[in-house]
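In terms of full-length UniProt numbering, the sequence shown is residues 1 to 263.
From the three backbone atoms N, C-alpha and C, an ideal C-beta is built for every residue, glycine too.
Because the structure is a prediction, the values reported are computed rather than measured.
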Amino acid sequence: MQIDTASISIMFSVRSVFYSLGAVSLGCLFNKWNRQILFAMCMLIIAISFVLIPIIPKYDLFLKLACATGYALGGVDTAANVLILEMWGKDSNAYLQALHLCFALGTVFGPLMCTPFISQESISSQLQRESKILIPYAITAAIALLSATMLFGFEVLKPYKPPKRSSTTISSKQSATKNRLRNDAINSESVPLIRTSQGTPQCYYFLVVTLASLVIFMLLCGEHTFFIFLPTFLQKIKVEKIDSLFMSAVFGGSFTLFRFLIQ
Numbered sequence: 001m002q003i004d005t006a007s008i009s010i011m012f013s014v015r016s017v018f019y020s021l022g023a024v025s026l027g028c029l030f031n032k033w034n035r036q037i038l039f040a041m042c043m044l045i046i047a048i049s050f051v052l053i054p055i056i057p058k059y060d061l062f063l064k065l066a067c068a069t070g071y072a073l074g075g076v077d078t079a080a081n082v083l084i085l086e087m088w089g090k091d092s093n094a095y096l097q098a099l100h101l102c103f104a105l106g107t108v109f110g111p112l113m114c115t116p117f118i119s120q121e122s123i124s125s126q127l128q129r130e131s132k133i134l135i136p137y138a139i140t141a142a143i144a145l146l147s148a149t150m151l152f153g154f155e156v157l158k159p160y161k162p163p164k165r166s167s168t169t170i171s172s173k174q175s176a177t178k179n180r181l182r183n184d185a186i187n188s189e190s191v192p193l194i195r196t197s198q199g200t201p202q203c204y205y206f207l208v209v210t211l212a213s214l215v216i217f218m219l220l221c222g223e224h225t226f227f228i229f230l231p232t233f234l235q236k237i238k239v240e241k242i243d244s245l246f247m248s249a250v251f252g253g254s255f256t257l258f259r260f261l262i263q
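Written as structure tokens, this is what we have:
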């Protein structure tokens, strides 16, 4: 299937839209349905999608499959963060950092995993060259399928019970927090680090939040676009595929290293 850069851009944009929809809609469903089952179903969808992506013959089917993959990925990211926050509560910082570290490590090992199958060119036929692309997709699908199977197994052997949240418990915790903060303010003799002013207009807060959102928006757009299209741009300037994958791994490694150092 021959696809140009513009079609790939459309596919990534549509997948990102469905990723956002999956994160919001499945995040709401996690509060009503069994979370482990939904988590496992999302992983199963991802496994099936990665098996079908290399063998899809038409762009229309490929686009629909990308939408399903993006929707499931949004649900997986939401489920992972929610489960970690629920299981460890205020002690979940280290586990959340480990989760996002694994995301970053995936940007390093993903291109490296594909290099043996891209570099080994077959001289017999184009079919043999394309068949090697199935291997890294099959490895990813097998990992996703293993994760889904483990989640289903945990649900059967030891079902996950989310913590109960009642309005009385929430209100009591809020009251206790307010009382503690009030007592700390009374007993503390130090000058507060942040001084609030009653004369600060509301538009100031709106402006700060808006500018911060725009900065994050442009930062993620640049980061996501640069990483996805880096191999394509390198091939445009006659860089070999194997070298472009190594350069993608170097970019992912730099991202991982500096993220670890800053945090």
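Per-residue DSSP class, three states only, for residue i
i, result
"Glu240", "coil"
"Thr232", "helix"
"Pro159", "coil"
"Ser16", "helix"
"Ser92", "coil"
"Thr200", "coil"
"Phe30", "coil"
"Ile118", "helix"
"Ile216", "helix"
"Ile133", "coil"
"Ile3", "coil"
"Ile56", "coil"
"Ser254", "helix"
"Arg195", "The predicted model places Arg195 with a pLDDT of 48, which falls under 50 and marks its position as unreliable, so this point remains unresolved."
8 Å contact criterion, which residue i and residue j should meet: CB distance rounded
i, j, result
"Val14", "Leu63", "6 Å"
"Phe30", "Val82", "6 Å"
"Gly110", "Gly74", "That pair is no contact at about 19 Å."
"Tyr71", "Ser7", "Incorrect: roughly 20 Å between the Cβ atoms, too far for contact."
"Tyr137", "Ile53", "6 Å"
"Thr115", "Leu245", "5 Å"
"Met43", "Ala148", "4 Å"
Candidates the options: closest to residue i by CA position
i, options, result
"Pro163", "Gln36, Gly252, Phe246, Met87", "Met87"
"Ile143", "Gly106, Leu96, Pro231, Leu65", "Gly106"
"Lys132", "Ser92, Val208, Val51", "Val51"
"Phe227", "Lys238, Ala249, Ala47", "Ala249"
"Leu85", "Pro57, Leu96, Leu61", "Leu96"
"Thr69", "Ser147, Ala148, Thr78, Ile46", "Ile46"
"Leu157", "Ile37, Trp33, Tyr19", "Ile37"
"Cys28", "Ser49, Lys241, Thr78, Ala212", "Thr78"
"Val24", "Ile3, Val76, Ala94, Asp4", "Val76"
"Ser49", "Ile118, Ala98, Arg35, Leu134", "Leu134"
"Lys32", "Thr200, Tyr205, Phe229, Lys161", "Lys161"
"Phe251", "Ala94, Ala104, His100", "Ala104"
"Phe154", "Met247, Asp91, Phe39", "Phe39"
"Ile242", "Leu220, Gly222, Leu112", "Leu112"
Start-to-end residues for the alpha helix (DSSP H) that takes in residue i
i, result
"Tyr59", "59-88"
"Ile45", "35-52"
Exposure of residue i, with buried meaning 16 or more beta-carbon neighbours within 10 Å
i, result
"Leu65", "buried"
"Met218", "exposed"
"Leu151", "buried"
"Cys67", "buried"
"Leu26", "buried"
"Val108", "buried"
"Thr256", "buried"
"Pro231", "buried"
"Tyr205", "exposed"
beta-carbon residue i near the ligand ATP non-hydrogen atom, thresh 7 Å
i, result
"Cys114", "As for the ligand ATP, it is missing from this structure, which has no ligand bound."
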